[in-house]
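Numbering (UniProt numbering), first residue to last: 1 to 143.
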């Protein structure tokens with residue numbers, strides 16, 4: 001079945017559709033949709049070449065769909081690979097993700113941006129520095 005026909009079937013009838021605002025954008029929770037927008041361009045169900053980036057306890061999990069796999073064998077059509085947040089003291093090498101994308105030829109900046117956002121969300125925030133006194137309070141009161 002072509003991806004255009006799949007999109008025509010799922011665009012108005014999908015359990016992943018999220019309509020928050022009546023006149024606003026329509027969002028989607030489908031796997032493989034990296035922008036979470038309900039459109040043909042970003043759809044993870046209608047496109048043959050998709051990458052799903054999700055957070056897991058072991059790090060960032062990247063699941064790809066093999067484009068030449070049979071549509072009847074869903075489990076064997078997917079390959080997943082965990083990316084740990086750190087390897088030793090070095091951060092997760094994002095160039096491995098870029099090399100993996102080249103074989104799939106998906107939209108290149110989207111998975112890399114999603115991985116970077118998930119890694120940034122895992123980091124502990126820096127403590128806020130104490131406020132420095134300015135003016136008369138810093139000099140020790142009235143002089």
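All C-beta atoms in this analysis are idealised placements derived from N, C-alpha and C, irrespective of residue type, glycine included. The structure presented is a predicted model; accordingly, all values stated were derived computationally and were not measured.
Distance, residue j Cα to residue i Cα
i: residue 132; j: residue 139; result: 12 Å
i: residue 17; j: residue 28; result: 5 Å
i: residue 51; j: residue 127; result: 35 Å
i: residue 144; j: residue 80; result: Lying outside 1 to 143, the shown extent of the chain, residue 144 is not represented and no answer is given.
i: residue 114; j: residue 134; result: 41 Å
i: residue 67; j: residue 129; result: 51 Å
i: residue 118; j: residue 63; result: 15 Å
i: residue 82; j: residue 65; result: 15 Å
i: residue 12; j: residue 71; result: 22 Å
i: residue 24; j: residue 57; result: 34 Å
i: residue 59; j: residue 124; result: 15 Å
i: residue 73; j: residue 21; result: 37 Å
Terminal residues of the beta strand (DSSP E) in which residue i lies
i: residue 79; result: 78–83
i: residue 56; result: 51–56
i: residue 65; result: 59–65
Cutoff 6 Å; reference residue i; Cβ partners in own chain excluding five residues on either side
i: residue 54; result: 61
i: residue 19; result: 26
i: residue 1; result: none
Span of the alpha helix (DSSP H), counted from its first residue to its last, around residue i
i: residue 116; result: 109–122
i: residue 137; result: 136–139
i: residue 2; result: Element bounds for residue 2: n/a, residue is neither H nor E.
Proximity winner among the options, relative to residue i (alpha-carbon distances)
i: residue 110; options: 9, 35, 68 and 11; result: 35
i: residue 6; options: 41, 23 and 24; result: 41
i: residue 15; options: 24, 71, 31 and 1; result: 31
Close Cβ partners of residue i (< 7 Å) along its chain, the five nearest in sequence each way excluded
i: residue 3; result: 46, 47 and 48
i: residue 69; result: 76 and 77
Other residues of its chain near residue i: CB distance less than 8 Å, five sequence neighbours each side excluded
i: residue 10; result: 43, 45 and 46
Beta-bridge partners of residue i, as assigned by DSSP
i: residue 27; result: 18 and 37
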